[in-house]
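Right, one structure below, let's go through it.
Residue numbers (the working numbering), protein chains in the order written: chain A, 32 to 272; chain B, 11 to 262.
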């Protein structure tokens with residue numbers, strides 16, 4: 032990946048693809064940041080701009096898929112080049128989903144902004160801060176092929192899941208005594224849900240980064256059963272703990 | 011998986027020029043093994059060691075190691091070269107039919123062996139042409155000149171000629187280099203059928219061909235075997251940076 036291809040057009044196409052992915056990542060992260068700011072600062076215009084700009088992200092997803100297809104057809108990439116094309120196309124899909132969640136947050140924010148200030152909105156800030164860090168690091172893991180950073184994302188996402196559960200519990204408790212604010216509290220629950228999903232998508236990007244760098248598929252690793260450990264449970268796989 | 015050819019620490023030289031350095035690998039039976047690498051890396055030389063066709067070149071000699079075909083050392087002094095080359099057929103880059111009829115091209119080696127019974131020859135010729143996926147195209151003009159066939163057909167005729175000898179192993183040195191894309195695909199399709207009966211080793215510069223056809227691929231560079239493994243692994247996740255650079259086209 033580091034060396035130049037003998038056929039320079041291949042390098043140009045690969046660079047174009049990388050550039051498109053980075054542009055899309057930047058837009059998606061910006062959308063998330065503006066959607067959250069609109070919620071926390073009660074800025075309805077900002078929410079509107081996030082919703083309007085989503086089509087730019089959609090356009091980039093189509094463009095990346097087309098560039099990826101063109102590269103597959105024209106250059107028949109293999110090894111790390113093939114992995115780069117495949118992960119870039121998957122990355123575009125994940126980024127599009129992140130942008131969609133940002134739009135969801137913006138739509139909920141718009142509705143919340145039209146009513147009286149909602150102090151519970153601030154509960155979403157720590158979630159967002161953590162999710163944004165996960166997303167930033169996932170993008171860095173992808174661009175720098177930083178395997179250590181990528182592999183650490185899954186564990187860090189568990190903290191986001193914990194915060195999410197905590198926030199849902201807190202909002203659910205307040206729903207019972209919401210005093211006419213139940214609709215807004217429900218909007219906030221969906222905002223929290225979107226932020227939690229963004230964390231999951233950042234983990235996906237991290238997994239793809241590991242595949243890009245080392246051709247290792249670490250998806251669904253948690254489902255792999257450890258070897259049996261007790262002595263009285265029949266034949267035990269060699270190397271068991 | 012049965013091994014057809016065991017290459018053990020083989021070094022080979024043309025006179026004083028060492029062209030293969032300590033190459034070791036096992037080639038599985040009834041699979042297709044591709045040799046890839048830049049020109050001059052030694053892949054054709056290695057291929058030609060298997061039927062000792064290099065012996066014809068003055069000064070060419072094995073400097074170390076051994077090559078076992080079905081556990082027999084083919085460089086033993088008592089090896090019958092004619093029998094060795096009957097069991098290990100070869101197809102070359104440039105199709106080279108004899109200036110004879112289609113029928114006589116396939117029957118030629120049998121006639122050389124003294125097998126002239128018409129009914130036997132008819133059976134062998136038909137069988138070889140069928141196995142080479144050429145029978146339907148030539149059955150009505152078996153006694154016409156082989157030169158009237160298209161390039162792809164002439165190459166398949168050469169394959170038919172090779173398999174008429176009922177070899178165990180087929181060596182192919184860039185068999186599609188002179189063919190158009192469709193004729194190439196026909197040969198590749200044929201290879202997939204032939205590997206059910208024969209061990210095939212193919213030298214190719216066409217990496218798409220190696221990925222489409224071969225079960226295992228060996229990458230050679232400067233006379234050394236750099237990487238050898240399942241084809242998909244070699245093209246999806248090469249372990250050696252030189253292999254990675256070669257297959258991605260960032261070499262040199």
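Positions of the beta carbon are idealized from the N, C-alpha and C atoms, including for glycine.
At least one C-beta of chain B is nearer than 8 Å to the C-beta of residue 35(A). Residue 76(B): member of the beta strand (DSSP E) spanning 70-79, first to last residue. Ranked by Cα distance from residue 107(A), the first of 41(A), 133(A), 167(A), 52(A) is 41(A).
Three or more pairs of CB atoms, one per stretch, sit closer than 8 Å, so the segment 170-183 of chain B contacts the segment 101-108 of chain B. Spatial neighbours of residue 221(B) in its own chain (CB-CB distance under 7 Å, excluding positions within 5 residues in sequence) are listed in chain order as 241, 245.
For a Cβ distance threshold of 8 Å, nothing in chain B lies close to residue 47(A): the least Cβ distance comes to about 17 Å.
Only residues of its own chain outside the window of five on either side were considered, and among them 106 have a CB closer than 8 Å to the CB of residue 38(A), listed in chain order. Residue 18(B) has 76(B) as its beta-bridge partners, per DSSP.
Within the DSSP bridge table, the entry for residue 194(B) names no partner. With respect to chain B, the C-beta atom of residue 112(A) has a partner C-beta closer than 8 Å.
For residue 149(B), no alpha helix (DSSP H) run applies, since DSSP gives it neither H nor E.
In this structure, residue 162(A) places its C-beta atom within 8 Å of the C-beta atom of residue 191(A). Judged by their CB atoms, residue 198(B) and residue 103(B) are not nearer to each other than the 8 Å cut-off. The beta strand (DSSP E) runs of length 3 or more contained entirely in the segment 26-53 of chain B are, from start to end of the chain, 27-38, 42-46.
When rounded, the separation of the alpha-carbon atoms in residue 208(A) and residue 139(A) is 21 Å. Chain order gives the chain B residues near residue 246(A) as 246, 247, where near means a beta carbon separation below 7 Å. Here the alpha carbon of residue 96(B) sits roughly 17 Å from the alpha carbon of residue 126(B).
If you check each beta-carbon in the segment 225-255 of chain B against every beta-carbon of chain A, the ones closer than 7 Å belong to 245, 246, 247, 248, 254, 255. Not one beta carbon of chain B lies nearer than 8 Å to the beta carbon of residue 221(A). Residue 42(B) sits away from residue 186(B), with the two beta carbons spaced by 8 Å or more. Residue burial annotation: residue 235(A) is buried, with at least 16 other C-beta atoms found within 10 angstroms of its C-beta.
Think of a sphere of 7 Å around the beta carbon of residue 107(A): the chain B residues whose beta carbon falls inside it are 218, in chain order. Looking at the DSSP output, residue 183(B) bridges to 213(B). Our two residues, residue 94(B) and residue 84(B), have alpha carbons roughly 8 Å apart in a direct line. By the criterion of a C-beta distance shorter than 8 Å, residue 21(B) is surrounded in its chain by 28, 30, 31, 32, 33, 72, 73, 74, 75, once the five residues flanking it on both sides are discounted.
DSSP lists 46(B), 237(B) as the bridge partner or partners of residue 229(B). In this structure, residue 235(B) lies away from residue 211(B), with their beta-carbon atoms at least 8 Å apart. Going by DSSP, residue 100(B) is part of the beta strand (DSSP E) stretching over 98-101. The beta carbons of residue 151(A) and residue 63(A) sit no closer together than 8 Å.
Around residue 45(B), no beta-carbon contact reaches into chain A at under 9 Å, the shortest distance being about 17 Å. Within a 10 Å sphere around the beta-carbon of residue 50(A) sit fewer than 16 other beta-carbons, which makes this residue exposed. Listed along chain A are 34, 37, each with a C-beta nearer than 9 Å to that of residue 261(B).
A distance of 8 Å or more separates the beta carbons of residue 232(A) and residue 115(A).
If you draw a straight line from the Cα of residue 212(A) to the Cα of residue 164(A), it comes to about 31 Å.
DSSP places residue 69(A) in the uninterrupted alpha helix (DSSP H) bounded by 39-71. Contact fails between the segment 141-151 of chain A and the segment 91-102 of chain A, because fewer than three Cβ pairs, one in each stretch, are under 8 Å apart.
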